[in-house]
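Trainee: My structure is below; once you've seen it, I'll send some questions.
4 protein chains.
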Amino acid sequence: MTDIRRRTTKPAVERRREIVDAAIALFAERGYNETTVQDVAAAAGVATGSVYIHFESKDALLHAINVRFYEGLTERLSEIVDQLFVRVGEGETITHIDAVDLIIDAVADHVKENATLCIITAKYVAHSELIRAEIPFVDFVQRMAVQAAEAGIIYAPQPEMLAHLAHAAISGTMMTAIAYNRPADFEGLVRATKYIFYRTLAPEPTP
Amino acid sequence: MTDIRRRTTKPAVERRREIVDAAIALFAERGYNETTVQDVAAAAGVATGSVYIHFESKDALLHAINVRFYEGLTERLSEIVDQLFVRVGEGETITHIDAVDLIIDAVADHVKENATLCIITAKYVAHSELIRAEIPFVDFVQRMAVQAAEAGIIYAPQPEMLAHLAHAAISGTMMTAIAYNRPADFEGLVRATKYIFYRTLAPEPTP
Amino acid sequence: MTDIRRRTTKPAVERRREIVDAAIALFAERGYNETTVQDVAAAAGVATGSVYIHFESKDALLHAINVRFYEGLTERLSEIVDQLFVRVGEGETITHIDAVDLIIDAVADHVKENATLCIITAKYVAHSELIRAEIPFVDFVQRMAVQAAEAGIIYAPQPEMLAHLAHAAISGTMMTAIAYNRPADFEGLVRATKYIFYRTLAPEPTP
Amino acid sequence: MTDIRRRTTKPAVERRREIVDAAIALFAERGYNETTVQDVAAAAGVATGSVYIHFESKDALLHAINVRFYEGLTERLSEIVDQLFVRVGEGETITHIDAVDLIIDAVADHVKENATLCIITAKYVAHSELIRAEIPFVDFVQRMAVQAAEAGIIYAPQPEMLAHLAHAAISGTMMTAIAYNRPADFEGLVRATKYIFYRTLAPEPTP
DNA sequence: TATGAATGAGGGTTCATTCAT
DNA sequence: GATGAATGAACCCTCATTCAT
Numbered sequence: 231m232t233d234i235r236r237r238t239t240k241p242a243v244e245r246r247r248e249i250v251d252a253a254i255a256l257f258a259e260r261g262y263n264e265t266t267v268q269d270v271a272a273a274a275g276v277a278t279g280s281v282y283i284h285f286e287s288k289d290a291l292l293h294a295i296n297v298r299f300y301e302g303l304t305e306r307l308s309e310i311v312d313q314l315f316v317r318v319g320e321g322e323t324i325t326h327i328d329a330v331d332l333i334i335d336a337v338a339d340h341v342k343e344n345a346t347l348c349i350i351t352a353k354y355v356a357h358s359e360l361i362r363a364e365i366p367f368v369d370f371v372q373r374m375a376v377q378a379a380e381a382g383i384i385y386a387p388q389p390e391m392l393a394h395l396a397h398a399a400i401s402g403t404m405m406t407a408i409a410y411n412r413p414a415d416f417e418g419l420v421r422a423t424k425y426i427f428y429r430t431l432a433p434e435p436t437p
Numbered sequence: 231m232t233d234i235r236r237r238t239t240k241p242a243v244e245r246r247r248e249i250v251d252a253a254i255a256l257f258a259e260r261g262y263n264e265t266t267v268q269d270v271a272a273a274a275g276v277a278t279g280s281v282y283i284h285f286e287s288k289d290a291l292l293h294a295i296n297v298r299f300y301e302g303l304t305e306r307l308s309e310i311v312d313q314l315f316v317r318v319g320e321g322e323t324i325t326h327i328d329a330v331d332l333i334i335d336a337v338a339d340h341v342k343e344n345a346t347l348c349i350i351t352a353k354y355v356a357h358s359e360l361i362r363a364e365i366p367f368v369d370f371v372q373r374m375a376v377q378a379a380e381a382g383i384i385y386a387p388q389p390e391m392l393a394h395l396a397h398a399a400i401s402g403t404m405m406t407a408i409a410y411n412r413p414a415d416f417e418g419l420v421r422a423t424k425y426i427f428y429r430t431l432a433p434e435p436t437p
Numbered sequence: 231m232t233d234i235r236r237r238t239t240k241p242a243v244e245r246r247r248e249i250v251d252a253a254i255a256l257f258a259e260r261g262y263n264e265t266t267v268q269d270v271a272a273a274a275g276v277a278t279g280s281v282y283i284h285f286e287s288k289d290a291l292l293h294a295i296n297v298r299f300y301e302g303l304t305e306r307l308s309e310i311v312d313q314l315f316v317r318v319g320e321g322e323t324i325t326h327i328d329a330v331d332l333i334i335d336a337v338a339d340h341v342k343e344n345a346t347l348c349i350i351t352a353k354y355v356a357h358s359e360l361i362r363a364e365i366p367f368v369d370f371v372q373r374m375a376v377q378a379a380e381a382g383i384i385y386a387p388q389p390e391m392l393a394h395l396a397h398a399a400i401s402g403t404m405m406t407a408i409a410y411n412r413p414a415d416f417e418g419l420v421r422a423t424k425y426i427f428y429r430t431l432a433p434e435p436t437p
Numbered sequence: 231m232t233d234i235r236r237r238t239t240k241p242a243v244e245r246r247r248e249i250v251d252a253a254i255a256l257f258a259e260r261g262y263n264e265t266t267v268q269d270v271a272a273a274a275g276v277a278t279g280s281v282y283i284h285f286e287s288k289d290a291l292l293h294a295i296n297v298r299f300y301e302g303l304t305e306r307l308s309e310i311v312d313q314l315f316v317r318v319g320e321g322e323t324i325t326h327i328d329a330v331d332l333i334i335d336a337v338a339d340h341v342k343e344n345a346t347l348c349i350i351t352a353k354y355v356a357h358s359e360l361i362r363a364e365i366p367f368v369d370f371v372q373r374m375a376v377q378a379a380e381a382g383i384i385y386a387p388q389p390e391m392l393a394h395l396a397h398a399a400i401s402g403t404m405m406t407a408i409a410y411n412r413p414a415d416f417e418g419l420v421r422a423t424k425y426i427f428y429r430t431l432a433p434e435p436t437p
């Protein structure tokens, strides 16, 4: 019955991952302020102090979670976009409808598959440092938009600004939907989002 | 023996307003968690305990701030929409371009004029109770969208969902821009936002 | 059996004194580092946070204790010196022997009567801020020495420096003796101290 | 796969010295409580755990520093006293003035040459174990005093007690002066100290 | 001997809230 | 209603020490 913890040494990356995993579960379930570092440590199976070997502060844990969310999303979209351009390179014709469907479905899938990450990321933007995790992602969306515009897949006169809006409209709204269940009809939201981008990015500008 | 500080009684509404004003200034300047209730009380020129006569908790202060922001915005847009329908009633033809311009400029103005409120509202969505201040506003946007669609001013097959997206794309992005100065080019953002809605809400759907 | 503490309000000076009293007892008994602020609060019959209404930090408590010790000693010596000069003014002849006896006995008495204060003051000089409590006392000793030299009671060519040495030799040694019981023979120490000053301050300089 | 940092083995005495050297520098610079064992280890170029191979605890480091200071001083004074008695043995007449000058100058030099050690020793008397480092030194001063009195160099009716006072007046005051720069005029302090002992130890007691 | 990741108890301080006046 | 001293639970982080390697 005595649960004497043996001192175990593990590769730093593994430990970090275990701690972040524990933090994600707890922050999503009961909230950031309501979770103590001791809770996280206990859930990760390490001593309190060990958390501070791997993370500078409790806030750094939150940052790591956000980075994980956005890096995962960036990776996912990268692959899709790369494949898209391969198909374009092979002479296939890709319409803006195809592109929008692929991208938005991918975001929707990522959001659904990472619901707990979303809850945390959506709620704790407050911790101003956290918004920094978003920046590389917005940059990526901008590059993606510029590339697609140049390839003639989409029509977008100001791709950089549109990227900001896309970020807000796509991930922002979907993350909020998952985090707060508002609006409740997630699939309806996805369809509406696609609709906006079908029309906005249609090659021939409406006269 | 005589107290220097006189015990003064004021109408509750006035006291409430003074306290909220103080809270806005402090929360925006140094952050919610970094501001104590004692700070707010001091800045408002009342005793600590008096804050609790007018507000149930510190969180209630944050809620009041958000309500002020969204009620102000709702009022502003209401007037514009009302005028719009008056003009329609007078037989004038209002295009979706007119509507989008009016609405988005109004939002942009409100955000700029209420920058400190924005900073707070944008950052402290975290406190889950707060999102409730947003709900009546989203409802309002939905009704507005339905009305405009029925009047033929805009073309919107799923106005309810579009309202959510509009909220995210319009106020969400603009508020973030003001709060975090990202993107820095606010006017560019406004133009891009208008562009999206020109195309999305254009009467003839692209075939 | 339920010891529900009633909330009581007291004059600040009284509260401060009660808290310092509690701190003195605990710091002397178990040591500064070994005493928690909660211990002090409990012993003083107040809530933990209340300590911080009256003292900026735990260290400030230590400072207050030192100030109490040195202010008490200064007051005691002041009276003696004043009386001494009154007697001189009345034409009485005061020898350096008389002066040394009076002063050193007074210090010895103060040290014995305030043994617990001594233990703390002697041990926690480390907290560098504390030495500041000593400065006004050394200043006082200097003024006292200068005055006595001018009145011809003692012979002291460099009274300022002698004051430093007197401080070290008199109070420093006696305080250490009380605090660490080293040397064990306190009265012998007092006699030896007097001896040094009899010879050092004797009116006719040795040729 | 190969460790960059090589595991090096050195004679224990050398390692001990390196660690104490590092501790001296850090304790003097930023204080005992503000220096971590990890800091000391890093500065000494060893692993944290290695400190505990050579020292039982962090406190033991402080003790070692104090021992170094007092052993150095004892050694220095020993040599002087030995030479003094050699000269006496050779028939030379040594006055108390000569003895006082030699001793006090030696102490002053030691203090100046070991300023960092002084700062630490003066400040961290608190750690009660430390006072033990002083005991052998006081014993030594006592023996020295007795010997000098017996040889007729000085006149001291109660040499044991005087030794305590000498310790306080001489090293105590000088160490404080170096550690806290109070009094600022170190040379003046040395002169005053000599003066006291010239008079106190003068062979013919003043009548 | 040497290493340094891991341990975990410990405590000063803050501050939202209360309540006697 | 108004006051502000009093309350006390709560928590992040530190760091001396250990021990598996």
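Residue numbers (the working numbering), protein chains in the order written: chain A, 231 to 437; chain B, 231 to 437; chain C, 231 to 437; chain D, 231 to 437. We put the CB at the ideal spot given by N, CA and C, even for glycine.
Does chain D have any CB closer than 8 Å to the CB of C/T304?
Mentor: Taking Cβ atoms only, chain D never reaches closer than 8 Å to C/T304, which makes this a no.
Trainee: Residues of chain D with CB under 7 Å from C/R317, in chain order?
Mentor: The premise fails here: C/R317 is roughly 24 Å from chain D at the closest Cβ pair, so nothing lies under 7 Å.
Trainee: So A/T403 contacts chain B; which residues on that side make the cut at Cβ distance below 7 Å?
Mentor: The contacting residues are H394, L395 and A398.
Trainee: Is the separation between the beta-carbon of B/M374 and that of B/L307 shorter than 8 Å?
Mentor: Against a cut-off of 8 Å, the Cβ pair of B/L307 and B/M374 comes out as a contact.
Trainee: Would you please verify whether the beta carbon of B/T423 is less than 8 Å from any beta carbon of chain A?
Mentor: True, the Cβ-Cβ gap to chain A drops below 8 Å.
Trainee: B/A379 and B/P389 look like a contact to me (Cβ under 8 Å); what is the Cβ gap, rounded to whole Å?
Mentor: Sure, about 5 Å apart at Cβ, within 8 Å.
Trainee: Under 7 Å Cβ to Cβ from D/A409, same chain only, skipping five residues before and after it: list those, please.
Mentor: Same-chain partners within the cutoff: C348, I349, A352 and K353.
Trainee: How should C/V243 be labelled, buried or exposed, when 16 other C-beta atoms within 10 angstroms of its C-beta is the threshold for buried?
Mentor: By the 10 Å Cβ count, C/V243 comes out exposed.
Trainee: For A/P442, go through chain B and note every residue whose CB falls closer than 8 Å to its CB, in chain order.
Mentor: What is shown of chain A runs 231 to 437, which leaves residue 442 of chain A out entirely.
Trainee: Mapping DSSP to helix, strand and coil, what is A/A261?
Mentor: The displayed chain sequence assigns Gly, not Ala, to residue 261 of chain A. If DSSP states are grouped into helix, strand and coil, A/G261 belongs with coil.
Trainee: For A/T239, does the three-state DSSP call read helix, strand or coil?
Mentor: Residue state, collapsed to three classes: coil.
Trainee: Count the other CB atoms within 10 Å of the CB of B/A414; is the residue buried (16 or more) or exposed (fewer)?
Mentor: Classification of B/A414: exposed, given that the 10 Å Cβ count is below 16.
Trainee: Would you kindly work out how many angstroms separate the C-alpha atoms of C/Y443 and C/A407, rounded to a whole number?
Mentor: Nothing in the structure corresponds to residue 443 of chain C, since chain C is present only between 231 and 437.
Trainee: Please report the distance separating the alpha-carbon of C/T232 from that of A/S287.
Mentor: Summary for C/T232: the model assigns pLDDT 35, below 50, so the residue's position carries little reliability; its value from the coordinates is reported in the next sentence. Rounded to the nearest angstrom, the two C-alpha atoms are 41 Å apart.
Trainee: Determine the closest residue to A/F367 out of A/L395, A/A381, A/G382 and A/V420, with distance taken between C-alpha atoms.
Mentor: Measuring from the Cα of A/F367, the nearest candidate turns out to be A/L395.
Trainee: Is B/A329 helix, strand or coil by DSSP?
Mentor: The answer is helix: DSSP assigns B/A329 an H, G or I state.
Trainee: Identify whether B/N412 lies in helix, strand or coil by the three-state DSSP scheme.
Mentor: One point to set straight first is that residue 412 of chain B is Arg, not Asn, in the sequence displayed. Here B/R412 sits in coil by DSSP.
Trainee: In this structure, how does DSSP classify C/L431 when only helix, strand and coil are distinguished?
Mentor: In the structure shown, C/L431 sits in coil (DSSP, three-state: anything other than H, G, I, E or B).
Trainee: Buried or exposed: where does A/I249 fall if 16 or more other Cβ atoms within 10 Å of its Cβ makes it buried?
Mentor: It is buried - the Cβ of A/I249 has at least 16 other Cβ atoms within 10 Å.
Trainee: Using 8 Å as the cut-off, can you tell me whether the segment 264-271 of chain B makes contact with the segment 308-320 of chain B, which would need three or more C-beta pairs spanning the two stretches below that distance?
Mentor: Touching, no, given that fewer than three Cβ pairs across the two stretches are closer than 8 Å.
Trainee: Output the distance between the C-alpha atoms of D/A246 and D/I295, rounded to the nearest integer angstrom.
Mentor: Inspection of the sequence shows that residue 246 of chain D is occupied by Arg rather than by Ala. Those two C-alpha atoms are separated by around 11 Å.
Trainee: From the DSSP output, in three-state form, read off D/P366 for me.
Mentor: Of the three classes helix, strand and coil, the one that applies to D/P366 here is helix, per DSSP.
Trainee: For a test of the three-state rule: what should DSSP assign to B/F285, helix, strand or coil?
Mentor: The answer is coil: DSSP assigns B/F285 none of H, G, I, E or B.
Trainee: Just how far apart, CA to CA, sit B/R260 and A/P433?
Mentor: So the two alpha carbons sit approximately 46 Å from each other.
Trainee: Within this structure, are the beta carbons of C/A255 and C/T346 separated by less than 8 Å?
Mentor: Yes; because the gap between Cβ atoms is below 8 Å, this pair is in contact.
Trainee: Suppose the cutoff is 7 Å on Cβ atoms and the five residues either side in sequence are ignored; what does the same chain contact list for D/A363 look like?
Mentor: These residues qualify, in order along the chain: H293, N296, V297 and Y300.
Trainee: Counting only C-beta atoms, is C/R373 closer than 8 Å to chain D at any point?
Mentor: With 8 Å as the cut-off, C/R373 does not count as an interface residue toward chain D.
Trainee: Start and end of the alpha helix (DSSP H) containing D/F389?
Mentor: Checking the sequence, you will find Pro at residue 389 of chain D rather than Phe. P389 to A396 is the extent of the alpha helix (DSSP H) around D/P389.
Trainee: What residues from the segment 244-272 of chain C come within 7 Å of chain D, judged by C-beta to C-beta, listed N to C?
Mentor: Residues: none.
Trainee: For B/T278, which residues of its own chain have a beta-carbon under 8 Å away from its beta-carbon, when the five flanking residues on both sides are left out?
Mentor: For B/T278, where only same-chain residues beyond five positions count, the Cβ hits under 8 Å are V267, Q268 and A271.
Trainee: To the nearest angstrom, report how far apart B/P387 and A/R412 are at their CA atoms.
Mentor: Approximately 20 Å between the Cα atoms of the pair.
Trainee: Could you tell me which chain B residues have their CB closer than 8 Å to the CB of A/T430, listed as they occur along the chain?
Mentor: Those are Y425, I426, R429 and T430, listed as they occur along chain B.
Trainee: With DSSP collapsed to three states, give me the class of C/V270.
Mentor: C/V270 falls in the helix class under three-state DSSP.
Trainee: Are the Cβ atoms of A/H397 and A/V371 separated by less than 8 Å?
Mentor: Yes, they are a contact pair.
Trainee: Classify A/I384 as buried or exposed, calling it buried when 16 or more other Cβ atoms lie within 10 Å of its own Cβ.
Mentor: Its Cβ being crowded by 16 or more others within 10 Å, A/I384 is buried.
Trainee: Name the residue from D/V276, D/P241, D/F315 and D/A336 whose alpha carbon lies nearest to the alpha carbon of D/L303.
Mentor: Considering only alpha carbons, the answer is D/A336.
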